[in-house]
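Here's the structure, in structure tokens; my notes come after.
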Amino acid sequence: MQEPDDEQHVDDVLQPDTDEDSALDLGEDQISTASLTSTIRHFEIENGHTYHALNAGKYILPNDERTRPRLITTLATDIQNQHFLATFEGRAHFAPGADTAQRVLDVGTGTGIWAIQFGTELQLSRIARLVADDLIPADEHPAAQVIGVDLSPIQPTLVPPNCSFEIDDVEREWTWSFPFDYIFSRMMVGSFADWPSFIGRAYENLNPGGWLELQDCIFPLATDDGSFHEGQPIYEWSSLLLEASQKLGRSLGDATRHREHMTAAGFINVTVKHFKWPSNHWPKDPRHKVVGLWTLANIGEGLEGLSMALLSRGHGWTREQVLAYLTGVRRDLQDRRIHAYWPM
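Residues in the sequence shown are numbered consecutively from 1, following full-length UniProt numbering.
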């Protein structure tokens, strides 16, 4: 019998900080494996950015050096990863079965930092259990296998022995020989043309009792007090990006239907946790203020990369038009009087 779904609003209404002197201020399963061909490593160039060459045009974010620092400089300073950790108070995942999973798939792994950290975490936790229970042979605690898959080969080569990366398109038929215990996906909203199909494939490729976890933000931005409204560049930008993504068939608002699609695919015990990404450090609450600073670093650093493909492909803008337009958006993104946030 299916248990009732669980929906949790972790972040309630955020109160703005009215203190102008705030202390926080700005200052072999797959067709492609690690032995990648030169064809896959070839990148498409568009409007001064490079994009993945495998099934070019599907993903809106570039993979060049100007964008990658937003994702990773070192494993300790990955901006987007730190943004999520701050949002979730140090947690990288929520699925109950994650810690005991033997086969794990990270969809849209990007730089691979989540897969690497998760693989390392599993190894350390199982070593600790072996030390505490030294009468059990080590082969009864096999190390979990973590596979990261992406369209772009931008992952590091030095990785834990239980972690590997593959270059493939998960919108095509999945060809892994064995099912997974846990499938994880983060920030893939705007990437899939058919979310029900992806979620259905995930369901089919999970062992009985397996878990699927999706972590996404949602466009357009929202506000709790009306300070984010028409007439502001950031308001228009948010709407333009959503409209462009819908024109291109990969909506930035699709995460609102994740629970519906998961239930339709056959998943039970579906839990939805709602969080908020403040646009900057405008909230009064110290934790959300820090999250807002990470938003400013994450979105602010990647603003051009996030906007270029959508505005040029979806609305026909030139590179010069996009760059000029983003000046006002960037100014609004830093304005603490605009109490906007991304629903998570």
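Ideal Cβ placement from N, Cα and C applies to all residues, glycine included.
If you draw a straight line from the C-alpha of Trp-317 to the C-alpha of Thr-120, how long is it? 44 Å
On the DSSP letters alone, give me the boundaries of the beta strand (DSSP E) that Ser-164 sits inside. 163 to 167
Please determine if the stretch 146 to 163 and the stretch 104 to 116 are in contact, where contact requires at least 3 C-beta pairs separated by less than 8 Å. yes
Nearest-angstrom Cα separation, counted from Thr-223 out to Val-13: 9 Å
Keeping to the same chain, check which residues put their C-beta closer than 6 Å to that of Ala-265; ignore five residues upstream and five downstream. Ile-199, Gly-200 and Tyr-203
Tell me which residues share the same chain as Gly-148 and place their Cβ nearer than 6 Å to its Cβ, disregarding the 5 neighbours each side in the sequence. Asp-106, Thr-109, Gly-112, Ala-115 and Phe-165
Figure out for me which residue from Gly-314, Gly-302 and Met-308 has the closest Cα to the Cα of Ala-324. Met-308
Can you check which of these residues, Glu-260, Trp-342 and Ser-177, is closest to residue 359 by C-alpha distance? Since the first residue shown for the chain is 1 and the last is 344, residue 359 is missing from the structure and cannot be characterised.
Hey, Ala-340 and Phe-228: beta-carbon distance below 8 Å or not? yes
Which of the three DSSP states, helix, strand or coil, is assigned to residue 352? No information on residue 352 is available, as it lies outside the stretch 1 to 344 that the chain covers here.
Three or more C-beta pairs below 8 Å linking the stretch 202 to 221 and the stretch 267 to 281: yes
Applying the criterion that 16 or more other CB atoms from any shown protein chain within 10 Å of the CB defines a buried residue, is Asp-19 buried or exposed? exposed
For Asp-285, I'd like the list of residues in its chain whose CB is within less than 8 Å of its CB, leaving aside the five on either flank, ordered along the chain. Leu-14 and Gln-15
Could you tell me which uninterrupted beta strand (DSSP E) segments, each at least 3 residues in length, are contained entirely in the stretch 169 to 238, listed from first to last along the chain? 180 to 186 and 206 to 215
What beta strand (DSSP E) runs, 3 residues minimum, are completely inside the stretch 260 to 290? 271 to 274 and 276 to 278
With distances taken between CB atoms, is the gap from Val-170 to Ala-144 smaller than 8 Å? no
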